[in-house]
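Protein chains in written order, with the numbering used here: chain A, 800 to 1158; chain B, 800 to 1158; chain C, 800 to 1158; chain D, 800 to 1158; chain E, 800 to 1158.
Glycine is no exception: its CB is placed at the ideal position from the N, C-alpha and C atoms.
Beneath this line is the structure, given in structure tokens, with notes to follow.
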Amino acid sequence: MPFTSYYLSPEGELRSELSNEEIKAAFKSNQGLLWVDVGDTTKEDGEFLEQTFGFHPLAVEDCVSTNIHPPKVDDFEEYLFIVVHGVNHAGESDVVETAELAVFLGANFVVSNHNLPLYSVESVKHSVENNTRVMRRGADFLAHTLIDALIDNIMPTIDRMTEIADDIEEQVVQNPQQPTLEAILKLKRSATHLHRVMAPQREVLNRISRGDYRVVREDAKIFYRDIYDHVVRIEDLNQTVRDMTDNALATYLSAVANRQNEVMKVLSIVAAIFLPLTLIAGIYGMNFENMPELKTSWGYYAVLGFIGAVIIVIMWLFWSKGWVNWGRRRIFGIRPLTIEMERLRGYTRHFRKVPRKKS
Amino acid sequence: MPFTSYYLSPEGELRSELSNEEIKAAFKSNQGLLWVDVGDTTKEDGEFLEQTFGFHPLAVEDCVSTNIHPPKVDDFEEYLFIVVHGVNHAGESDVVETAELAVFLGANFVVSNHNLPLYSVESVKHSVENNTRVMRRGADFLAHTLIDALIDNIMPTIDRMTEIADDIEEQVVQNPQQPTLEAILKLKRSATHLHRVMAPQREVLNRISRGDYRVVREDAKIFYRDIYDHVVRIEDLNQTVRDMTDNALATYLSAVANRQNEVMKVLSIVAAIFLPLTLIAGIYGMNFENMPELKTSWGYYAVLGFIGAVIIVIMWLFWSKGWVNWGRRRIFGIRPLTIEMERLRGYTRHFRKVPRKKS
Amino acid sequence: MPFTSYYLSPEGELRSELSNEEIKAAFKSNQGLLWVDVGDTTKEDGEFLEQTFGFHPLAVEDCVSTNIHPPKVDDFEEYLFIVVHGVNHAGESDVVETAELAVFLGANFVVSNHNLPLYSVESVKHSVENNTRVMRRGADFLAHTLIDALIDNIMPTIDRMTEIADDIEEQVVQNPQQPTLEAILKLKRSATHLHRVMAPQREVLNRISRGDYRVVREDAKIFYRDIYDHVVRIEDLNQTVRDMTDNALATYLSAVANRQNEVMKVLSIVAAIFLPLTLIAGIYGMNFENMPELKTSWGYYAVLGFIGAVIIVIMWLFWSKGWVNWGRRRIFGIRPLTIEMERLRGYTRHFRKVPRKKS
Amino acid sequence: MPFTSYYLSPEGELRSELSNEEIKAAFKSNQGLLWVDVGDTTKEDGEFLEQTFGFHPLAVEDCVSTNIHPPKVDDFEEYLFIVVHGVNHAGESDVVETAELAVFLGANFVVSNHNLPLYSVESVKHSVENNTRVMRRGADFLAHTLIDALIDNIMPTIDRMTEIADDIEEQVVQNPQQPTLEAILKLKRSATHLHRVMAPQREVLNRISRGDYRVVREDAKIFYRDIYDHVVRIEDLNQTVRDMTDNALATYLSAVANRQNEVMKVLSIVAAIFLPLTLIAGIYGMNFENMPELKTSWGYYAVLGFIGAVIIVIMWLFWSKGWVNWGRRRIFGIRPLTIEMERLRGYTRHFRKVPRKKS
Amino acid sequence: MPFTSYYLSPEGELRSELSNEEIKAAFKSNQGLLWVDVGDTTKEDGEFLEQTFGFHPLAVEDCVSTNIHPPKVDDFEEYLFIVVHGVNHAGESDVVETAELAVFLGANFVVSNHNLPLYSVESVKHSVENNTRVMRRGADFLAHTLIDALIDNIMPTIDRMTEIADDIEEQVVQNPQQPTLEAILKLKRSATHLHRVMAPQREVLNRISRGDYRVVREDAKIFYRDIYDHVVRIEDLNQTVRDMTDNALATYLSAVANRQNEVMKVLSIVAAIFLPLTLIAGIYGMNFENMPELKTSWGYYAVLGFIGAVIIVIMWLFWSKGWVNWGRRRIFGIRPLTIEMERLRGYTRHFRKVPRKKS
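Okay, here's the thing in structure tokens:
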């Protein structure tokens, strides 16, 4: 496929849509800044990269293959080969997936490669076309811009995951069903996957921001350090999502157990009321000839009254044990703990109203 | 917004409420000690900081942005850029949140930045206004005072969390309800969040107290080491809270299972007593013509007696299996283990012959 | 057993099926490249290796013994002794097992040893026989080819495990049975075992690709680095399988609890409907002489109507509590969460204004 | 409060109960060995320490404050400031708590501080009073003796915890109740707390035994190494206690589930026997005019016989499914596994042919 | 107690059963190789070791005391003091325990100490008595032989644990009872304990095989490296046992839940069938005067038929929900997953029948 290519000549002129010959010439001039972006790399593209730029066959192989490559930075002296991951916005999966961006970073060229479409790369192209400032600051800064945009694009996904985690947290209390569990586990898998990609990514950016790579100038390192900080923040927020899913899981399982409890209680109460009463009715349904109560005129009404009394007594017993009239007890249950959390805030909020005297 | 600013001139005179021009002059004089505190930093504030003090744009960007920035220390030779977290006392969340304090620490200036109101900073301002001693000891000591106050302010929250954990522990045994679970999980999330902030914070303070930063003098390091010790202590107490929540969770789940057990027992006992008796009543309610017992005068009373006997026998069976008369068994259950803990203390208390003096 | 042996003479001529004497001569010549492959090593083979090549007895012992040897690299100055693991395709176990490949790598010889048949070694033999290119690049490259083929052969097993994990995930929701659990646990054990083998393997390849071993030339290291990357990728995919089994386990246990819940609900509903009605029937089956209703002509129909009404009321009560008419509620349950995941994708897909080109 | 103080003059004479002036003189002489022990340190004590010995204010602050200070060692060139933890034998808590011992170790003085009474310090005082040998070996050895005694005093508590864990393990199988769970969780918290104190403690002793501290002589290091070994041993035993509590928790939860199972079985058996029989009795209690069986003379006895037969058949069904007659099956269940453990011992005991001598 | 002692004179003559004087003389000669083995060390033995060999009192103390000492290596320049652990074959515990072997390794002497009888030491004595080869290779090799034999003796225990884990795995599916759980937890504790001993042991052997200890010659290090590999293998197999116990625990808990499910199903089915029917019988047992059905001649038979029909319909309902006729469904459940595992093997086994073309 045709490459997207930009060349900022030493005179500060920006050319784009270079032919393969022009790319070769620009690379050989060792001047200005050349950026070639390759999407959906074919075998032919790989050969072109290998021949034109003299990239190592193994690095090119990583670009061509559609396998997943964990984040890494390889130092080939003349250039760095960096693999970083962003969120794959093109996928259709229910679970968050990642997309790779491979960057060859040389003294005056950047070759970026990605087999999936990346919004971050598109946005950098857009800003390069509008304004050459990004390219004027050098190859290491251009590579930083690409990687930074990629990492920043993870944030909305994290925000979305946090929102979903909030929704799940609510749903898990109000109406926990099997799909709730599936949503919890999908979110957990998303967070776990993101964590596994972010951890080596952080290491890669740490090494670039601290390491002694020839092609990254001293004053560009702080910018990579900044991306490192972003990755740490993403990891942190992602960890919060993981904690929330763990809590949601605990709440879900507890809610399932509680619902079962309620089912059991209904059963127990029904049985405790009606089994004894059925026995009483059964007794007076016996056909013994000598059952004096049967002959009294008030017997039937006495039994009906007794049945009513038994129902009232047993209901009262269950009520006193806290098995019925949930509403009231639940309010009792909620109150103190809400107050607890209130107290937590209130206490700490006001505890140093008086100024601190001896520092 | 207007900055809060203090300048201790080399002559030991304290001025406050400096204009922007005075701040620039004080900074350029390279003498005395200048402290500027910025709350709720706007884009304009950021530009002022960048232009007046020559701070790195990325560091200023961290101050202006309202994102969360994990604790870190960046060395810019001329100054350190330190981000530390305290507890956010202004938030309304049920979960403990953290508030950032960013500090630029130079040889003779301190610029502090926080987008949320911080009591610790207010208390330091108050003591500076009362007494210039804090500022006379130098920029590194002033920065230490700010960070120390921030970290110390976490303690009451930890204390509060411990109290809540105690309350939960009690409630989880006496009356475990769904809100109890929610309180447990909220507390756990608070503790986990605090842990995630404290771990890198400890690293930051360790690096300042051991590292070779130009702007932190040798004899000031021990004071940062002291804050490091406080962070370790906070982490320790926080870990205890996490353990307590884990235990509370286990107790809660066990209590739910136990309650279900009790519900089931009531049901089983009721069924075991009344189903057989209902059968007996049913048998004598059959309409067979040839049922000799029906014609006896004592039959009815015999059946009533038999029913009473069956109830007594079955109750006794359940009692002997430990299903009823909980009170007694529970006391048996508690006793030995309470004694265990007594023995734990007692044994260790007296195991050395040396008498306990009023040392 | 006879060895499989190849010798590429300095003149570039390939000989195979060498006699023991020829092997000794080729080894002593210190020229060309000698490859000896030993399968199912006997004690005699071990002695031959020890005498001919002067290998250390302990390394030879590792080859002869059928115990499992964790991945390692031992440096004997003149040669490296490398143990790596692939998947054992010959085993009959339900759980994925690993097979060892031991490689002695010298300046101009490679001795490979494996007590189980390995497809990867066979395929390398095949390509050597077709084309001497592999051997012309030197001993370190030949050893790389052997190890690379072994590691690459793990991939289809990982793919298969992922497919099984997908199948399990489906089955666990639709029809969770005890065998499902067994399949989950077997898959988990496979993944755990693979993880335990891969972790030290990665370390071994890291050391070869970075270390200062005499027999691995500088420009061959990058090829070992490439295998290292493959191992990292395998670990990553394997970790995904482990996560999926953990989730499947949680879903399984939750599904078991849910099924129990359904069983309980049927029981409770049946009891709640029929126990009260049986009491009513029992009351009018009592033999009191004075029961006015019995004499009315409409009494029987009134009771039948009352019974019908009670059934309807109780069913409605359960329906309003969400205990019956599952179909509708489940749809309600699924919808919002599916929409959630849709929103996750949709939101992130469109959040940057840059249009999606056919990049 | 008055200090407990000892001074071993260079002439080998031991004086005790020194006045403040004598302590100052002894410290300034730079000869002999001075030991001052401060319990329950007041603010005035702190000032005395600061002025007399010139200790750093932050170290003194750690002594005066009643906060918990994690184990640490601070090097102030002239002296070390060491904080170590032992078990608090004075506390009344159900959970094991720790007590701090702070030691200032100089070339010829030791100042120990503890706000809780410590038996270990009392015992060292006692042995110093009886025999000056401990003090004659120098300040580093005296400090070692204090720390060693403190650590050794943890052992009986660990032993006691192991015994309680054994008791719990027994009780959890025989009669698991809610208090059992509470005991398990308390023990777990004790073990976790001890673990959290021991981990940094080990690090502190490792650093003293390996580090280059001026005041610890080369041949004294091995003694600190010995304490390090004790801490490792304590950690190991403590870990066993934690494992036992984890296992006890699993057994407890399983026992609760099993008990519920038994309750359910009783219910199911009762229902399965009596519900069908009640139906039969109910059928023959119907008032149809045309029910031929009712008129036979043997009908009643046939029904009674049928009822008896049904009871026997259902009991047999449950027995064959293993729901009743537990005794027998449980024996079957225990046997093979006890034999397993027997075989484990037996097998390994005899596996080498070498006869077991009375070595 | 008398020591077991061997002395290989420089002339290659082996003497055994040396007197204390002879031991002293042999040690002082600094020639040949002296091996003293002490079992069940008394205080007097300790004093003899201290005086004769000049061992450090703390090391000797470790030999005399019966406490557990974690694996370690202490370097005393003239000699190494090594503590390693093997399996205690003499113990009577249900849980695998470990036995210590302490070795003093000098240039030309080895002193081994163990308070429990060790088969490995006996077997080394036996081979020394038969053949002096072991002693002729030097002190470091003799110590290696002792440690190697000790570690190798762990293997049969591990094998046995694996077999028990297999048995448990089978039993947990077929007949899970409380004793099964106890066996699982005992095995888990054994594996955990072994793990805790093996981890530092590996570190000790790593240090000996890599470290610069004077008394271990360069070419002896590879032998210690070999023991290191064995320890790694033991850890690996032990980890497999731990995984199997974790899986067995999950299966056990799931099996308990499943059994409860079956109990509940029996109850629900019985109730769902007989409660409605009893109501019907109850209705026709009512004593209303106006119940037209009662007077029909077919009424009784209609009710009987209706009862039969209801039983059939309800049974069919349960069957269609998969609550009865387990046999068929279980087969359905097992099949696909067994096929899964078959497919796993089959697929990978045949996937590269065709040789790999382009390596």
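Under the 8 Å Cβ criterion, the segment 906–920 of chain A does not count as touching the segment 981–993 of chain A, having fewer than three qualifying pairs. Listed along the chain, the chain D residues whose CB falls inside 9 Å of the CB of V1003(B) amount to none; the nearest CB is some 18 Å away. Here A889(C) carries a coil assignment [DSSP, helix/strand/coil].
In this structure, H888(B) lies away from T897(B), with their beta-carbon atoms at least 8 Å apart.
DSSP, reduced to helix, strand and coil, places A906(C) outside both helices and strands of the structure shown, so it counts as coil. Residue contact check for P869(E) against chain D: a CB pair falls below 8 Å. R936(A) carries a coil assignment under DSSP once its states are collapsed to helix, strand and coil.
Contact note: I1021(B) reaches chain D through H855, L857, using a C-beta cutoff of 7 Å and chain order. Per DSSP, reduced to three states, the secondary structure at Y878(B) is strand. For R1013(D), the three-state secondary structure derived from DSSP is coil. In this structure, DSSP gives N912(E) an extended state, which the three-state scheme calls strand. Residue Q1038(B) holds the alpha-carbon nearest to the alpha-carbon of M960(B) among L817(B), Q1038(B), A906(B). For L879(C), no Cβ of chain E is located within less than 8 Å of the residue's own Cβ.
Inclusion of N1086(E) and S1096(C) in the CB contact set at 8 Å is not warranted, their separation being larger than that value. Contact annotation for L1116(B) against chain A: no contact, minimum CB-CB distance about 18 Å [criterion: below 8 Å]. Rounded to the nearest angstrom, the Cβ distance from G937(B) to L832(B) is 7 Å, consistent with a contact under 8 Å.
S864(A) counts as exposed, since fewer than 16 other beta carbons sit within 10 angstroms of its beta carbon.
Straight-line measurement puts the Cα of N912(C) at about 15 Å from the Cα of H855(C). Taking CB atoms only, S1067(A) has a neighbour in chain B less than 8 Å away.
For the segment 1072–1098 of chain D, residues whose beta-carbon sits nearer than 7 Å to a beta-carbon of chain E comprise L1074, P1075, T1077, L1078, G1081, I1082, G1084, M1085, N1086, F1087, E1088, N1089, M1090.
Neighbourhood of S1119(D) in chain E, by CB distance below 9 Å: empty, with the nearest CB roughly 13 Å away. With contact defined as three or more Cβ pairs closer than 8 Å, the segment 898–910 of chain E and the segment 824–840 of chain E are in contact. Fewer than three Cβ pairs drawn from the segment 920–940 of chain D and the segment 841–856 of chain D lie within less than 8 Å of each other, which leaves the two stretches out of contact. Residues of chain B whose Cβ lies closer than 8 Å to the Cβ of V1014(A) do not exist; the shortest such Cβ separation is about 20 Å. Around the beta carbon of P978(A), 16 or more other beta carbons lie within 10 angstroms, which makes this residue buried.
When C-beta atoms of the segment 1068–1077 of chain D are compared with those of the segment 1005–1014 of chain E, fewer than three pairs fall below 8 Å, so the two segments do not count as touching. With a threshold of 8 Å between beta carbons, K823(C) makes no contact with chain A.
Shown here, T1077(D) sits in a helix according to DSSP, grouped into three states. Residues of chain B with a Cβ closer than 7 Å to the Cβ of L984(D) are, in chain order, N1046, A1049, T1050. In this structure the segment 1050–1062 of chain B touches the segment 1046–1057 of chain A; the number of beta carbon pairs closer than 8 Å is three or more. P809(C) is classed as exposed because its beta carbon has fewer than 16 other beta carbons within 10 Å across all chains shown.
Using a 10 angstroms sphere on the CB of F903(E), the tally of other CB atoms reaches 16 or more, which defines it as buried.
Under the three-pair Cβ rule at 8 Å, the segment 1023–1039 of chain C counts as touching the segment 947–961 of chain C. Listed along the chain, the chain A residues whose CB falls inside 7 Å of the CB of D1025(C) are L857. Listed in chain order, the alpha helix (DSSP H) elements of length 4 or more contained wholly in the segment 1015–1052 of chain C amount to none.
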